[in-house]
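**Student:** Numbering-wise (the numbering used here), the sequence shown opens with residue 860 and increments by one.
Where is the CB? At the ideal position from N, CA and C, for every residue including glycine.
Small disclaimer: the values here were computed from a predicted structure and weren't measured.
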Amino acid sequence: MKTQKPKQEILDDVLVELRRIVRSIDLHSKKLIQTHRLTIPQVVLLRQIQSRGRLSLSDLARHTSLSNATVTGIVDRLEARSLVRRVRSETDRRQVFVEILPGGASLMKTMPPLLQESFTRKLQDLEKWEQAQILSSLGRIANLMNADTMDASPILAHHALTASEEDIAGGGNPSKTTGESKSEAPASPGRSAQSKYDPEIRLHCVLSPDGFPPGLDMEKLVDFLHESLKPYEDNPKDIAQGIRDAFSGAGREGGFLLIAEHRGRIVGALVMQKTGMKGYVPENLLLFVAVAPDQRGKGLGRKLVEEAVHSADGNVKLHVEYDNPARRLYERVGFTSKYAEMRYVK
Ligand SMILES: CC(C)(COP(=O)(O)OP(=O)(O)OC[C@H]1O[C@@H](n2cnc3c(N)ncnc32)[C@H](O)[C@@H]1OP(=O)(O)O)[C@@H](O)C(=O)NCCC(=O)NCCS
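1. Could you give the distance in angstroms between the alpha-carbon of residue 975 and the alpha-carbon of residue 1142?
2. Helix, strand or coil: how does DSSP classify residue 1037 here?
3. Please report the distance separating the alpha-carbon of residue 1095 from that of residue 1150.
4. So, helix, strand or coil for residue 1169, using DSSP?
5. Short of 8 Å in beta carbon distance, which residues of its chain neighbour residue 1122, apart from the five on each side in sequence? Order them along the chain.
6. At a cut of 8 Å, does the stretch 1122-1135 reach the stretch 1145-1160 through at least three beta carbon pairs?
7. Would you mind working out which of 1148, 972, 981, 1106 sits nearest residue 905, comparing C-alpha positions?
8. What is the residue span of the beta strand (DSSP E) that residue 1143 lies within?
9. Among the candidates 990, 1118, 1065, whose CA atom is the shortest distance from the CA of residue 946?
10. Where does residue 888 land, buried or exposed, given buried means 16+ other C-beta within 10 angstroms?
11. From residue 1046 to residue 1188, what distance separates their C-alpha atoms?
12. Tell me whether residue 1132 sits in a helix, a strand or coil according to DSSP, three-state version.
13. Regarding residue 1185 and ligand 1, is the C-beta to nearest heavy atom distance less than 6 Å?
14. What are the partner residues of residue 1063, as DSSP defines its beta bridges?
15. What are the residues that DSSP puts in a beta bridge with residue 1125?
16. Relative to the C-alpha of residue 1199, which candidate in 1205, 1176, 1085 has its C-alpha closest?
Written out as structure tokens, the structure reads:
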């Protein structure tokens, strides 16, 4: 005959089961941060944007059962990483839509199913009485924890929905370096060091000649790069050709520009071309990166390079002169130099 568990043991078991649930959600969140630098709410939104194509922020909020303010905060972060972009309606300029960018789409290709997706699928397969029993027990637990009146959305995440990847990965307390010390943790691709650049600077991802942000164009970008690349600058004609090749070229579709803009002025830019190759030759070539002289040394260069590497589909190569101090930056981001580039110039 089965003996009944003592009351204390049952209470302990309840706590153990709760702990297992919390741990499972926690581990799943942290794993996503490690592998994709995305939080669970960010993935939920990206999935919606990808499956529905272009949609307004309020529709996005409706489809994810999140508030407009929460959605706006999450979209801001996704946009800053060039995974999505906001676009104005051609017919009604007041209306803003959000759409996925190639970097976002390629990231989603490698995304494992979310915990809540596999959980919901298994939950759906249960008999109705069992579903009702689970709902009633969980409601009772929330009630016992005084959490029954809390506002919540149907997203399994252990952190605030608008928390940043850094908040979660670093437990909300990223270690700070003191004073002006230049010592840094070893290069960890995907994690920015201290960024001190103006928070008003916005990063735009440009995928076509007509995709420049309002007030900026090809000519302004060429001028900026020609000036800011000094003393390693190319002539404006070659810079313009390099940008055009990033947009299109034999087998090269898929390149992009990143433009850092501050109140209508370009303060940083990066051009990424597709090489059309794979394997021995990386798929992408980081052709130009430059930051305006008055904005240097504040982490903007690193931000541009990290975002570009992350957004590009495949490996990235670049060419840098041996004496260019930018080499240190590239090495810190994670670039290594295995081969010497040699040329036969005719
Ligand atoms: C390289 C460049 C884009 C870096 O931008 P940034 O915003 O200053 O970079 P960050 O603040 O993220 O990082 C600073 C690091 O960049 C590197 N760096 C490269 N050139 C630099 C420069 N002229 N001044 C300051 N730092 C420079 C250094 O490693 C520096 O780190 P350190 O101060 O610890 O030595 C910017 O210096 C620039 O536009 N240089 C001229 C154009 C150029 O050489 N582009 C690269 C062509 S391959």
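**Tutor:** If we stick to the structure as given:
1. In the sequence shown, the residue the question calls residue 975 occupies position 116. In the sequence shown, the residue the question calls residue 1142 occupies position 283. Cα to Cα, residue 975 sits roughly 34 Å from residue 1142.
2. Along the sequence shown, one-based indexing puts residue 1037 at 178. Because residue 1037 sits at a pLDDT of 23, beneath the cut-off of 50, its placement in the model cannot be relied upon, and the following sentence gives the value as read from the coordinates. In this structure, residue 1037 counts as coil in the three-state DSSP scheme.
3. Here residue 1095 refers to the residue found at position 236 when the sequence shown is read from its first residue. Here residue 1150 refers to the residue found at position 291 when the sequence shown is read from its first residue. Cα atoms of residue 1095 and residue 1150: separation of roughly 17 Å, rounded to the nearest angstrom.
4. Position 310 of the sequence shown holds residue 1169. It is helical.
5. Your numbering for residue 1122 matches position 263 in the sequence shown. Closer than 8 Å at Cβ, skipping near neighbours: 1059.
6. yes
7. For the purposes of this step, residue 905 is taken as residue 46 along the sequence shown, with counting starting at 1. Of the listed residues, the one whose Cα sits closest to residue 905 is 972.
8. For the purposes of this step, residue 1143 is taken as residue 284 along the sequence shown, with counting starting at 1. Note, residue 1143: beta strand (DSSP E), 1143-1150.
9. In the sequence shown, residue 946 corresponds to position 87, counting from 1. Minimum Cα distance to residue 946 is reached at 1065.
10. Counted from its first residue, the sequence shown places residue 888 at position 29. Buried, since its Cβ has 16 or more Cβ neighbours within 10 Å.
11. Numbered from its first residue, the sequence shown carries residue 1046 at position 187. Numbered from its first residue, the sequence shown carries residue 1188 at position 329. At residue 1046 the pLDDT is 31, less than 50, meaning the model places this residue with poor confidence and gives no usable figure here.
12. Translated into positions along the sequence shown, residue 1132 becomes position 273. The answer is strand: DSSP assigns residue 1132 an E or B state.
13. Stepping through the sequence shown from its first residue, residue 1185 is reached at position 326. At least one heavy atom of ligand 1 is nearer than 6 Å to the Cβ of residue 1185, so yes.
14. Taking the first residue of the sequence shown as position 1, residue 1063 is located at position 204. According to DSSP, residue 1063 shares a beta bridge with 1118.
15. Position 266 of the sequence shown, counting from 1, holds the residue named residue 1125. DSSP output for residue 1125 lists 1120 as bridge partner(s).
16. Counted from its first residue, the sequence shown places residue 1199 at position 340. Looking at the Cα atoms, 1176 is the closest of the given residues.
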